[in-house]
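Number of protein chains: 2
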Amino acid sequence: MSTLAINPPALGGTRYKEVKSAILAALSAGEWKGGECIPSEKRLAERFGVSIGTLRKAIDELCAENILIRHQGLGTFVSMHQRDRHFFRFFRVVRRDGDKAYPVVTLLDFRKARASREAAAALGVETGARVFQFVNGLALHGKTVLIEHISVPEAHFPGLTEAKLRNRPNTLYNFYQDGFGINVVETDERVSVGLASELESAKLGIALGAPLLEIRRVAYSYHRSAVELRVSRLNTEEYEYIGATSGADEK
Amino acid sequence: MSTLAINPPALGGTRYKEVKSAILAALSAGEWKGGECIPSEKRLAERFGVSIGTLRKAIDELCAENILIRHQGLGTFVSMHQRDRHFFRFFRVVRRDGDKAYPVVTLLDFRKARASREAAAALGVETGARVFQFVNGLALHGKTVLIEHISVPEAHFPGLTEAKLRNRPNTLYNFYQDGFGINVVETDERVSVGLASELESAKLGIALGAPLLEIRRVAYSYHRSAVELRVSRLNTEEYEYIGATSGADEK
DNA sequence: AAGTGGTCTAGACCACTAC
DNA sequence: TAGTGGTCTAGACCACTTA
Numbered sequence: 001m002s003t004l005a006i007n008p009p010a011l012g013g014t015r016y017k018e019v020k021s022a023i024l025a026a027l028s029a030g031e032w033k034g035g036e037c038i039p040s041e042k043r044l045a046e047r048f049g050v051s052i053g054t055l056r057k058a059i060d061e062l063c064a065e066n067i068l069i070r071h072q073g074l075g076t077f078v079s080m081h082q083r084d085r086h087f088f089r090f091f092r093v094v095r096r097d098g099d100k101a102y103p104v105v106t107l108l109d110f111r112k113a114r115a116s117r118e119a120a121a122a123l124g125v126e127t128g129a130r131v132f133q134f135v136n137g138l139a140l141h142g143k144t145v146l147i148e149h150i151s152v153p154e155a156h157f158p159g160l161t162e163a164k165l166r167n168r169p170n171t172l173y174n175f176y177q178d179g180f181g182i183n184v185v186e187t188d189e190r191v192s193v194g195l196a197s198e199l200e201s202a203k204l205g206i207a208l209g210a211p212l213l214e215i216r217r218v219a220y221s222y223h224r225s226a227v228e229l230r231v232s233r234l235n236t237e238e239y240e241y242i243g244a245t246s247g248a249d250e251k
Numbered sequence: 252m253s254t255l256a257i258n259p260p261a262l263g264g265t266r267y268k269e270v271k272s273a274i275l276a277a278l279s280a281g282e283w284k285g286g287e288c289i290p291s292e293k294r295l296a297e298r299f300g301v302s303i304g305t306l307r308k309a310i311d312e313l314c315a316e317n318i319l320i321r322h323q324g325l326g327t328f329v330s331m332h333q334r335d336r337h338f339f340r341f342f343r344v345v346r347r348d349g350d351k352a353y354p355v356v357t358l359l360d361f362r363k364a365r366a367s368r369e370a371a372a373a374l375g376v377e378t379g380a381r382v383f384q385f386v387n388g389l390a391l392h393g394k395t396v397l398i399e400h401i402s403v404p405e406a407h408f409p410g411l412t413e414a415k416l417r418n419r420p421n422t423l424y425n426f427y428q429d430g431f432g433i434n435v436v437e438t439d440e441r442v443s444v445g446l447a448s449e450l451e452s453a454k455l456g457i458a459l460g461a462p463l464l465e466i467r468r469v470a471y472s473y474h475r476s477a478v479e480l481r482v483s484r485l486n487t488e489e490y491e492y493i494g495a496t497s498g499a500d501e502k
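Residue numbers (the numbering used here), protein chains in the order written: chain A, 1 to 251; chain B, 252 to 502.
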């Protein structure tokens with residue numbers, strides 16, 4: 001954990017980008033963990049050998065990416081998942097009237113398996129690599145409306161068991177963070193129409209083959225390394241998916 | 252079009268927020284139009300009576316919201332729609348293999364009508380207010396896969412006719428900008444499963460009542476004033492909707 | 001009162017674009 | 001060469017939090 005000043009100005013690009021990379025590297029290395037306070041701006045500026053303004057610009061970008069959170073008078077913190085309404089950054093299902101409710105999650109299945117071609121491609125592992133697969137049912141306002149099929153690479157989640165998953169106190173991404181040091185900071189989602197399988201028919205109380213909203217999500221940690229593939233199917237009779245709220249950044 | 256310095260520091264909040272508001276007001280008033288270059292940072296800083304750094308912070312936010320675009324060595328410009336790949340900020344349909352193609356648009360219907368309750372609520376007008384309603388068919392790779400039902404308030408689009416709409420040289424939002432001074436800078440979208448009407452059945456070549464991805468969009472101009480309601484239905488056999496690419500801002 | 005982030009200044013120098 | 005935005009500095013003062 002070197003605390004040396006970073007490289008001279010000209011090499012990697014600009015000073016503040018280098019500072020940003022250095023902070024990201026420290027986060028990846030676990031120097032500061034989820035929810036913790038990082039050193040003050042003054043201290044970090046000294047550590048990296050830049051002015052406060054430059055240091056702030058690096059942190060500005062990390063805050064814009066929801067990787068850090070600033071609190072005036074308190075300090076700058078490593079972003080945690082699902083705190084308060086922050087939860088709805090990744091949970092994008094609302095009732096048609098706009099009401100946002102926290103889902104009640106039930107683990108429906110858990111198994112060790114081999115990565116499908118789709119899962120392997122999404123997660124950046126070999127086809128047939130060891131993965132954990134599990135299925136959640138999510139209830140809103142007392143009714144199950146969403147089924148999630150989740151795959152994660154075994155290599156990133158050593159010691160994961162059905163019991164641990166079932167007994168987690170918080171949300172799944174918080175569990176990833178606390179239990180395995182994996183911080184989900186970004187997701188990509190593709191949406192299409194899918195059909196209800198037997199499982200979904202039974203759990204959602206709809207006909208076999210009934211149309212459902214199908215959401216394929218890949219979740220990423222720092223430096224865009226994939227950590228989870230999730231295929232969700234939503235009954236949109238009473239609920240909707242919140243799509244693009246354009247105005248913020250896209251690439 | 253006053254060029255006075257803005258208010259003293261304490262009133263509206265912070266200096267740079269006031270500068271930002273003042274720039275937004277000038278944009279709304281049409282002082283600088285789509286694609287035009289706004290005055291240099293130095294000149295604007297003098298005009299508003301703030302330092303360069305403060306002026307830059309205001310412009311930083313407007314660039315982050317895709318309202319302005321900076322070009323080093325050239326100047327700062329009012330954002331235009333659908334230039335190059337910028338088009339795909341609002342067009343969120345891709346082939347399943349990820350291929351992005353520009354749609355070929357066909358106007359299928361055009362009429363004057365009264366706002367439905369949904370349209371009135373979305374657009375912030377009275378139920379029964381005069382609106383234009385029109386329908387587009389969008390073809391990708393030679394096949395029509397998306398039908399758009401669009402409502403816009405007559406009051407904001409004086410003199411709009413079917414002929415003008417049909418003969419527009421560019422995309423719809425560019426037409427709004429050039430023809431009516433309306434800049435779409437933000438959209439909200441809700442996604443669910445819908446069923447094919449007769450029109451969609453005929454144009455998309457699918458069965459009546461077949462499931463389609465239904466996207467309800469409200470488009471906003473500066474200061475979040477609603478200017479368009481659009482209900483789109485997509486055949487997801489070969490195409491998908493790009494949902495949240497979380498990592499950038501959400502509220 | 002001490003420490004934090006939030007805002008703001010008044011410049012400097014650099015990289016890029018146009019002429 | 002002149003003008004633009006991009007980066008960076010070395011502070012100042014303010015607002016907020018905790019004690």
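The beta-carbon is built from N, C-alpha and C at its ideal position, and this holds for glycine as well.
- Give me the Cα-Cα distance between Ile-310(B) and Gly-13(A), rounded to the nearest whole angstrom. Between the alpha carbons of Ile-310(B) and Gly-13(A) lies a gap of roughly 23 Å.
- What residues of chain B sit near Asp-188(A), judged by a beta carbon separation below 7 Å? The answer, in chain order, is Thr-496.
- Task: Taking only the alpha-carbon atoms, compute the straight-line gap between Thr-76(A) and Gly-30(A) and give it to the nearest angstrom.
- Result: The C-alpha of Gly-30(A) is placed about 16 Å away from the C-alpha of Thr-76(A).
- Does Val-444(B) get closer than 8 Å to chain A when you measure Cβ to Cβ? Judged by the 8 Å Cβ criterion, Val-444(B) is in contact with chain A.
- Message: Give me the subset of the stretch 85–105 of chain A whose CB atoms are less than 7 Å from a CB atom of chain B, sorted by chain position.
- Response: Here the close residues are Arg-89, Phe-90, Arg-92.
- Task: Below 8 Å on the Cβ atoms is my guess for Ile-398(B) versus Glu-451(B); work out the distance and round it to an integer in Å.
- Result: Contact holds; Cβ gap of about 5 Å.
- Message: Closer than 9 Å between beta carbons: that is the criterion. Which residues of the stretch 205–218 of chain A meet it against chain B?
- Response: Cβ proximity to chain B below 9 Å picks out Ala-210, Pro-211, Leu-212, Leu-213, Glu-214, Ile-215, Arg-216, Arg-217 from the stretch 205–218 of chain A.
- Just the C-alpha distance for Gly-300(B) and Arg-307(B), rounded to the nearest angstrom, thanks. It is roughly 13 Å from the alpha-carbon of Gly-300(B) to the alpha-carbon of Arg-307(B).
- What does Glu-491(B) reach in chain A if we use C-beta pairs closer than 7 Å? Under a criterion of Cβ atoms nearer than 7 Å, the residues of chain A adjacent to Glu-491(B) are, in order, Arg-190, Val-191, Ser-192.
- Message: On a Cα-Cα basis, can you pick out the residue from Glu-61(A), Gly-142(A), Arg-111(A) that is closest to Arg-130(A)?
- Response: Nearest to Arg-130(A) by alpha-carbon distance, out of Glu-61(A), Gly-142(A), Arg-111(A), is Arg-111(A).
- Message: So, with DSSP's three-state summary, where would you put Lys-351(B)?
- Response: Looking at Lys-351(B) - three-state DSSP - the assignment turns out to be coil, as it is neither helix nor strand.
- Where His-474(B) falls, given that 16 or more other Cβ within 10 Å makes a residue buried: With fewer than 16 Cβ atoms within 10 Å of its Cβ, His-474(B) is classed as exposed.
- Message: In the DSSP output, which residue or residues are listed as bridge partners for Val-191(A)?
- Response: According to DSSP, Val-191(A) bridges with Ile-215(A), Tyr-492(B).
- Message: On the DSSP letters alone, give me the boundaries of the alpha helix (DSSP H) that Thr-171(A) sits inside.
- Response: Unbroken run through Thr-171(A): none, as it is neither H nor E.
- Message: Measuring alpha carbon to alpha carbon, tell me which residue in Gly-286(B), Met-331(B), Ser-472(B) is nearest His-407(B).
- Response: Cα-wise, what sits closest to His-407(B) is Ser-472(B).
- Hey, is Ala-210(A) close to the ligand ATP, as in C-beta under 7 Å from one of its heavy atoms? Questions concerning the ligand ATP fall outside what the structure shown contains, since it holds no ligand whatsoever.
- Tell me where the alpha helix (DSSP H) around Arg-47(A) begins and ends. Its alpha helix (DSSP H) spans residues 41–48.
- Message: Could you pull the DSSP bridge partners for Asn-387(B) from this structure?
- Response: Paired residue(s): Leu-358(B), Glu-399(B).
- Query: Is any beta-carbon of chain A found at less than 8 Å from that of Thr-207(B)?
  - Reply: Residue 207(B) is absent from the structure shown; chain B starts at 252 and stops at 502.
- From Glu-226(A) to Thr-422(B), what does the alpha carbon distance come to, in whole angstroms? Glu is not the amino acid found at residue 226(A); the sequence shown has Ala there. If you take the alpha carbons of Ala-226(A) and Thr-422(B), they lie about 35 Å apart.
- Please state if the CB of Arg-368(B) and the CB of Thr-378(B) are separated by a distance shorter than 8 Å. At a Cβ-Cβ threshold of 8 Å, Thr-378(B) and Arg-368(B) count as neighbours.
- Message: One question on the structure: do Leu-455(B) and Tyr-492(B) come within less than 8 Å of each other, judged by their Cβ atoms?
- Response: No, these two residues do not count as a Cβ contact at 8 Å.
- Measure the C-alpha to C-alpha separation of Thr-412(B) and Ser-483(B) and round it to an integer number of angstroms. If I take the Cα positions, the gap works out to 22 Å.
- Tell me, please, whether the stretch 415–431 of chain B touches the stretch 179–186 of chain A by the rule of three or more beta-carbon pairs shorter than 8 Å. Using a C-beta cut-off of 8 Å, the stretch 415–431 of chain B makes no contact with the stretch 179–186 of chain A, since fewer than three inter-stretch Cβ pairs fall below that distance.
- Query: Does the beta-carbon distance from Leu-325(B) to Ile-274(B) come in below 8 Å?
  - Reply: No, these two residues do not count as a Cβ contact at 8 Å.
- Query: Can you give the Cα-Cα distance for Gly-243(A) and Ala-113(A), rounded to whole angstroms?
  - Reply: Going by the C-alpha atoms only, they are around 32 Å apart.
- Item | Between the CA atoms of Val-436(B) and Glu-501(B) - distance to the nearest angstrom | With a pLDDT of 40 at Glu-501(B), under the threshold of 50, the modelled position of this residue cannot be trusted; read the value that follows with caution. Rounded to the nearest angstrom, the two C-alpha atoms are 15 Å apart.
- Using a Cβ-Cβ cut-off of 8 Å, state whether Thr-127(A) counts as contacting chain B. It does not; no Cβ of chain B falls within 8 Å.
- Task: Assign Lys-20(A) to one of two classes, buried (16 or more other C-beta atoms within 10 Å of its C-beta) or exposed (fewer than that).
- Result: Flag for Lys-20(A) reads buried.
- Message: If you follow the beta strand (DSSP E) that Ala-207(A) is in, where does it begin and where does it stop?
- Response: Note, Ala-207(A): premise wrong, no beta strand (DSSP E); not H, not E.
- Query: Which partner residues of Thr-76(A) appear in the DSSP bridge assignment?
  - Reply: Ile-38(A), Arg-70(A), per the DSSP bridge assignment.
- Message: Beta-carbon within less than 6 Å of Gln-384(B)'s beta-carbon, same chain only, minus the 5 sequence neighbours each way: which residues are those?
- Response: Annotation for Gln-384(B): Arg-362, Ala-364, Ser-402 place their beta carbon closer than 6 Å to its own, counting only its chain and skipping 5 residues before and after.
- Buried or exposed: Val-355(B), going by 16 or more other Cβ atoms within 10 Å of its Cβ? Around the Cβ of Val-355(B), a 10 Å sphere holds fewer than 16 other Cβ atoms; the residue is exposed.
- Element boundaries [beta strand (DSSP E), containing Val-94(A)]: Here the beta strand (DSSP E) through Val-94(A) covers 93–95.
- Item | DSSP three-state assignment for Ala-226(A), whether helix, strand or coil | Looking at Ala-226(A) - three-state DSSP - the assignment turns out to be strand.
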